Structures are given as C-alpha cells and as structure tokens.
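*Asks:* Please find one structure pasted underneath; my questions will follow.
So, in structure tokens, the structure goes:
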C-alpha cells in the first residue's frame, strides 16, 4: 500500500504515539477530578501537552491552549465565540467548509461577510485585504495553506494588516501545524485553530485552540470544569473557559508523544523532506499528456508550498481515477471536492473535482515514483477512453 492522503489524516504515526495511547488507556485517570496518582498523572501530561503546543506556536502562556476534538470544533468555537451580529468578517475562497459554514451561519444571524477572490491558480491577492476592511470589521479568518492546492498564505503580511487596522487574525492551521513554523507573537496571530491527526501526527479526535492573552472567546459549550463548581457560569479563566467536560486524555497522550517526536525530529527537517517528495511528484506528472495540475507551482512558491499536488486526467471524473489508483495500483489518494467548494469554483473544477496526492515525511522516493508511473499509465488509459 502507498498512502498519499496525509492532508486528510496521517496514517503512519511514530511508534511512541501508539504506545502512549495504550498506556494512557490502562493507567490514566481524569485530570482535575482527584488528588490520587492516576488523576495527577493525567493532569501533568495534559499540562505538558499544553506547554508543547504553546512552544510550537510561540505563544506565551500554556494556559491559553484549550483542547478540542479537531480543527472543526476549534473553528466553530472561534467564530461563534468572537463574531457577533453586525460584525464584519473577511475570509477567502481558499477556505475549507470548517471555516465557511460557521461563517455562513453567523451571516444568517446578522454578521457581514467578505470573501476575497482567488485567481485561476488558487492564489489570493492580499493587497485586496486592506480595501475590504470596514469600520465594523472584527476579524480576518483564513487558512495557512489550501488543503486542495497546497498554496501557502503569507501570515506575516496578513498579521501586519490586521494589526494596522486593529482587527483580529484567526488562523486555520489544519494543513500546516507540525510542518510549517507558526509564530503567533512574531506574525501577529490572535487565535490558532489546529487538529492533532494531520501534520501533528497524533490520534484522530484531538485538536485545540491557542488564544492570545487578552482575546476573549465565549464558550461554545458549558459544563463541568473540575473547578469552581458553585458558579452558575463557566469559569472565566483559561483553559477551563473553553473546556467543558472530560478531555480526551487518551488521545491527548498520543498527541503529547507525537509533539515530542516532532520536537526531536525538527519541523524544518519534516517540511523539507515533504516538500522534496512533493516536488519529485510534481516534476514527474506535470508534463504527462492529458494531466492538469492545480495550484501555484512557480519557482518562488515551490519552496513555500504545503506537500499537496492536486490533478485531473482529461475529463475523467476524479473519483473514477482515485478508484483505479486504489484497485489497480494500491495507491491511496483522495478525490472529490475536499470540502473546499469555493476553491473548486476558482480552479474551474467544481463538476470534476480533483485527485489529491498529499505526502508525509514517512513516504519514500520509491513510493513517489510508483505514483508518478501510475498517473502516467492512467493518462494513456484516459486518452483511450476519451
């Protein structure tokens, strides 16, 4: 099996992640719910994981990290906890539905929404951001990298514009956390929403939100916090303000192990390795007759791309191509819309979808070459059919 769907979820995990989850299931109690060893051990692990996340994003205070089930929950929390009727929000055509759908819901409740257009390569012109700012603009919410094209946004530029106009910068780091450096302080980011099961190499069902001190987010859900039980409202202090109920300690234990692995291995090594594999695949498929590749692959962007290559073969339905890759070649990529409807509109692929190949540093050059060979053969097959 050749697995090339890491933008959806990383399949190959460090061995220590599996061991950490298994050990946690057998040994960990509920953090903050007791003073016995199993509960205290869980509490220490949770805090250590907050510290690792805080360091990863160059945040100042580990207590500003709250855990969720995934980026989707984190983004819903950020949107519904910050945006109010009458507020204006700016986003882009690059976004995943985890950003778009919460924003559409807030638009129905009276918020204003501006969506910055993308060009035919899926790129955003950030000079258009300043012209979109209004007196009631509350926040810019955008992805760090497109899950469809791999195009990466310039966070420093966005952060400077937001700081200049006194608006919040909320980042969807689903595709880049653990692969690209994200500096909340240096880049002017107020909120980072992340998931644990992609580039962070942790278990599914883990994720979180990292909030700059001074930014208030109303809780999405309320309930038990383990502290201040006689309050009628959720506690004001972080992280309890955004964490109601028992955390996924077993999953977070796996995330903890994954973060330690990333810290030892180094983000720069992981990124460069994945980009090398991405470029090898792109160079192998870009000139195959009948193959269309989507996104910005200009010389400048090649070193600043997420490890994603999306393509189509002629007019063949992307699902048909992905099925053939799986059945005939044992290669697993993803087809369809990828929960990015506006980006498909920009690329002109709304009807056909696209076949997405997304690399992990655990992949090998031989696997990439096998995938290129398969696309070449399917290209000939597609020409025969059409």
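In UniProt numbering, the protein residues as written are 1 to 386.
Even for Gly, the Cβ is constructed at its ideal location relative to N, Cα and C.
Computed from a prediction, not measured in an experiment: that's the story for all the values here.
1. Looking at residue 114 and the ligand ZN, is the gap between the Cβ and the nearest heavy atom below 8 angstroms?
2. State the DSSP-derived secondary structure class of residue 292, mapped to helix, strand or coil.
3. When the Cβ atoms of the segment 10-21 are set against those of the segment 251-262, are three or more pairs found closer than 8 angstroms?
4. Compare the C-alpha of residue 238 against each of 360, 229, 209, 264 and name the closest.
5. Does the segment 88-96 come close enough to the segment 277-297 that 3 or more CB-CB pairs lie under 8 angstroms?
6. Within a Cβ cutoff of 8 angstroms, which residues of the same chain sit near residue 27, ignoring the five residues on either side of it in sequence?
7. Distance, Cα to Cα, residue 235 vs residue 223?
8. If you pair each beta-carbon of the segment 352-369 with each one of the segment 299-319, do three or more pairs fall below 8 angstroms?
9. Have a look at residue 315 and residue 94 and give me their C-alpha separation to the nearest angstrom.
10. At the level of alpha carbons, what is the spacing between residue 301 and residue 30?
11. Alpha carbon to alpha carbon, how far is residue 245 from residue 230? Give it in angstroms, no decimals.
12. Return the chain-ordered list of same chain residues with a C-beta closer than 8 angstroms to the C-beta of residue 32, the five sequence neighbours on each side being excluded.
13. What's the gap between the Cα of residue 81 and the Cα of residue 284?
14. Pairs of beta-carbons, one from the segment 124-138 and one from the segment 99-109, closer than 8 angstroms: are there three or more?
15. Can you tell me where the beta strand (DSSP E) holding residue 211 begins and where it ends?
16. What's the call for residue 198, buried or exposed, on a 16-neighbour Cβ count within 10 Å?
17. If you compare alpha carbons, which of 189, 205, 48 is closest to residue 247?
18. Secondary structure at residue 112, three-state DSSP: helix, strand or coil?
19. Threshold first: 4 residues or longer. Then list the alpha helix (DSSP H) segments lying entirely within the segment 209-277, N to C.
20. What is the DSSP secondary structure of residue 69, reduced to helix, strand or coil?
21. If I measure Cβ to Cβ from residue 272 and keep anything under 8 angstroms in the same chain, skipping five residues before and after, which residues do I get?
22. Going by DSSP, what residues sit across from residue 362 in a beta bridge?
23. Within this structure, are the beta carbons of residue 142 and residue 183 separated by less than 9 angstroms?
24. Which residues mark the beginning and the end of the alpha helix (DSSP H) in which residue 61 is found?
25. Determine the extent of the alpha helix (DSSP H) in which residue 162 is found, giving its start and end residues.
26. By the DSSP assignment, the beta strand (DSSP E) with residue 23 in it spans what residues?
27. Does DSSP put residue 332 in a helix, a strand or coil?
28. Taking 8 angstroms as the cut-off, does the segment 149-156 touch the segment 115-127 (at least 3 CB pairs, one atom from each stretch)?
*Replies:* The relevant details are as follows:
1. As far as ligands go, the structure on display features none, and thus does not contain the ligand ZN.
2. Position 292 of the chain shown, counted from the start, is the residue given in the question as residue 292. Secondary structure at residue 292: strand, using DSSP grouped into helix, strand and coil.
3. yes
4. What you label residue 238 is simply residue 238 of the chain shown in a count that begins at 1. Selected option, being the one with the closest Cα: 209.
5. In short, these stretches do not touch, since the Cβ pair count stays below three.
6. Reading the chain shown from its first residue, position 27 is the one you call residue 27. Excluding sequence neighbours, residue 27 sits near 38, 41.
7. On the chain shown, residue 235 is found 235 positions in, with the first residue counted as 1. On the chain shown, residue 223 is found 223 positions in, with the first residue counted as 1. Those two C-alpha atoms are separated by around 10 angstroms.
8. yes
9. In the chain shown, counting from the first residue as 1, residue 315 sits at position 315. In the chain shown, counting from the first residue as 1, residue 94 sits at position 94. For residue 315 and residue 94, the distance between alpha carbons rounds to 23 angstroms.
10. Here residue 301 corresponds to residue number 301 of the chain shown, with the count starting at 1. Here residue 30 corresponds to residue number 30 of the chain shown, with the count starting at 1. A straight line joining the alpha-carbon of residue 301 with that of residue 30 spans about 46 angstroms.
11. Counting from one through the chain shown, the residue named residue 230 turns up at place 230. Counting from one through the chain shown, the residue named residue 245 turns up at place 245. So the two alpha carbons sit approximately 15 angstroms from each other.
12. On the chain shown, position 32 is the one that residue 32 refers to. The residues are 39, 43, 225, 226, 227.
13. As a position in the chain shown, residue 81 is number 81, starting the count at 1. As a position in the chain shown, residue 284 is number 284, starting the count at 1. Whole-angstrom Cα-Cα distance: 45 angstroms.
14. no
15. Residue mapping note: residue 211 aligns to position 211 of the chain shown, counting from 1. Counting along the chain, the beta strand (DSSP E) containing residue 211 begins and ends at 207-211.
16. Locating residue 198 in the chain shown gives position 198, counting from the first residue. Looking at its Cβ environment, which holds 16 or more other Cβ atoms inside 10 Å, residue 198 is buried.
17. Taking the first residue of the chain shown as position 1, residue 247 is located at position 247. Closest option to residue 247, judged by alpha-carbon separation, among 189, 205, 48: 205.
18. Taking the chain shown and counting its residues from 1, the one referred to as residue 112 is at position 112. Residue 112: strand per DSSP, three-state reduction.
19. 249-265
20. Position 69 of the chain shown, counting from 1, holds the residue named residue 69. Correct three-state label for residue 69: coil.
21. Here residue 272 corresponds to residue number 272 of the chain shown, with the count starting at 1. Correct list: empty, nothing qualifies.
22. For the purposes of this step, residue 362 is taken as the residue at position 362 of the chain shown. For residue 362, which the question treats as bridged, DSSP gives no partner whatsoever.
23. Within the chain shown, numbered from 1, the residue matching residue 142 stands at position 142. Within the chain shown, numbered from 1, the residue matching residue 183 stands at position 183. Cβ distance not < 9 angstroms, so residue 142 and residue 183 don't count as in contact.
24. The residue you call residue 61 lines up with position 61 of the chain shown. Per DSSP, residue 61 belongs to no alpha helix (DSSP H) and is neither H nor E.
25. Residue numbering aside, residue 162 sits at position 162 when the chain shown is read from its first letter. Here the alpha helix (DSSP H) through residue 162 covers 155-165.
26. As a position in the chain shown, residue 23 is number 23, starting the count at 1. Per DSSP, residue 23 belongs to no beta strand (DSSP E); it is in the alpha helix (DSSP H), 15-27.
27. If you number the chain shown from 1, residue 332 lands on position 332. Strand.
28. yes
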